[in-house]
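Everything on this sheet refers to the single structure shown next.
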Amino acid sequence: MAGFAMVRNVLSDRRKAAHALDDLSRRRLNYDVPPSEGFAVGSGWHIDDYRQPLPSEQPGPPAADGPWAAARGLLRDYEFIDPSIVRALFRSDGPLEGRNMLLELRFWGLRFHVGVRVAEVLEGTRTEDGREVAVWGWAYRTLEGHIEAGQMDYEVRKWLDTGEVEFRIHAFSRAADIANPVVRLGFRLFGRRQQKRFASTACERMRGLVEADLAAREHPPASAGGDEIRARGPGLRQSLGLVVRPTSAGGRLGA
2 MAGFAMVRNV
12 LSDRRKAAHA
22 LDDLSRRRLN
32 YDVPPSEGFA
42 VGSGWHIDDY
52 RQPLPSEQPG
62 PPAADGPWAA
72 ARGLLRDYEF
82 IDPSIVRALF
92 RSDGPLEGRN
102 MLLELRFWGL
112 RFHVGVRVAE
122 VLEGTRTEDG
132 REVAVWGWAY
142 RTLEGHIEAG
152 QMDYEVRKWL
162 DTGEVEFRIH
172 AFSRAADIAN
182 PVVRLGFRLF
192 GRRQQKRFAS
202 TACERMRGLV
212 EADLAAREHP
222 PASAGGDEIR
232 ARGPGLRQSL
242 GLVVRPTSAG
252 GRLGA
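Residue 181 in the numbering used here sits at position 180 of the sequence shown, and the numbers go up by one each step.
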């Protein structure tokens, strides 16, 4: 892929997908980190921050089977994204940090295949405004050929003093250099709207999927319960070491 690709069958053909994914390892970021002008709105960057409250749990460290742990699993496997907007292909058998991901962006009736790379995994307890918060998450950065440039941070947080749990998306982005004039105009007109739609639906789906996960644990179905749990596991739809996200289980909400 010399740049972004408007191809409709990459994710359905696993060998083509594997080749496209492997190609990402040779790509560099499509912006400087940090850029020389800084991530200032006046320099063309959009700075976004989204916070989605999730079901709370008892104060103290995150429970092994609580909302924070459920959200962490969904975040780790990239199951919270709306498949009508974005789908992702990656190898699940390697470390999360440094992982290359082939994203299929769906808008304008087209599908654009672009690459990102996980730059950082966040884990630990912080102190913010005098309060301790348990945090787990990761961030990816855009690669050459992406129609955007920037970084997205995803975090699940639990405030230890109150038990409140939340999902956070923090991003800085701007349009990349797009050679195709039609695509460039389309992104200028609709790209920002699509960015906001992606983040807002991701927040809504994370909340809905966490609630569904907790309900399933509290009231497991008499049959097929094990299949439902396995549907979120790393082995689903796996071929040639590749995983497509979200899975059909994660894709029910708003699919």
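A virtual CB, placed ideally from N, CA and C, is assigned to each residue, including glycine. Fair warning: this is a prediction, and the values are worked out from it, not measured in the lab.
Residue i and residue j closer than 9 Å at C-beta
i      : j      : result
Gln152 : Ala172 : yes
Tyr141 : Val119 : yes
Ile82  : Arg218 : no
Val166 : Thr143 : no
Glu149 : Val122 : no
Glu133 : Leu161 : yes
Leu103 : Ile86  : no
Tyr51  : Ala203 : yes
Pro96  : Leu215 : no
Arg208 : Gln53  : yes
Tyr155 : Leu76  : yes
Gly61  : Gly164 : yes
Pro63  : Lys159 : yes
Selected residue, minimal CA-CA separation from residue i, among the options
i      : options                       : result
Glu145 : Arg15, Ala19, Asp33, Ala18    : Asp33
Asp78  : Val87, Phe199, Ser93, Arg52   : Ser93
Trp139 : Leu22, Ala72, Leu210, Arg208  : Ala72
Ala200 : Ile48, Phe40, Arg29           : Ile48
Arg88  : Glu98, Phe108, Tyr155, Thr163 : Phe108
His147 : Leu210, Phe113, Leu75         : Phe113
Arg16  : Phe91, Asp178, Val136         : Phe91
Asp23  : Phe40, Lys197, Leu30, Asn101  : Asn101
Range of the contiguous beta strand (DSSP E) that encloses residue i
i      : result
Pro84  : No beta strand (DSSP E) contains Pro84, which DSSP labels as neither H nor E.
Leu103 : 101-108
His47  : 47-55
Bridge-paired residues (DSSP) for residue i
i      : result
Thr143 : Val117
Val136 : Gly125, Arg158
Leu30  : Leu144
Element boundaries [alpha helix (DSSP H), containing residue i]
i     : result
His20 : 15-24
Leu75 : 68-77
Could you pull out every unbroken beta strand (DSSP E) segment of at least 3 residues lying fully inside the region 148-182, listed in chain order?
Taken in chain order, the complete beta strand (DSSP E) segments of 3 residues or longer contained in the region 148-182 are 149-160, 166-176.
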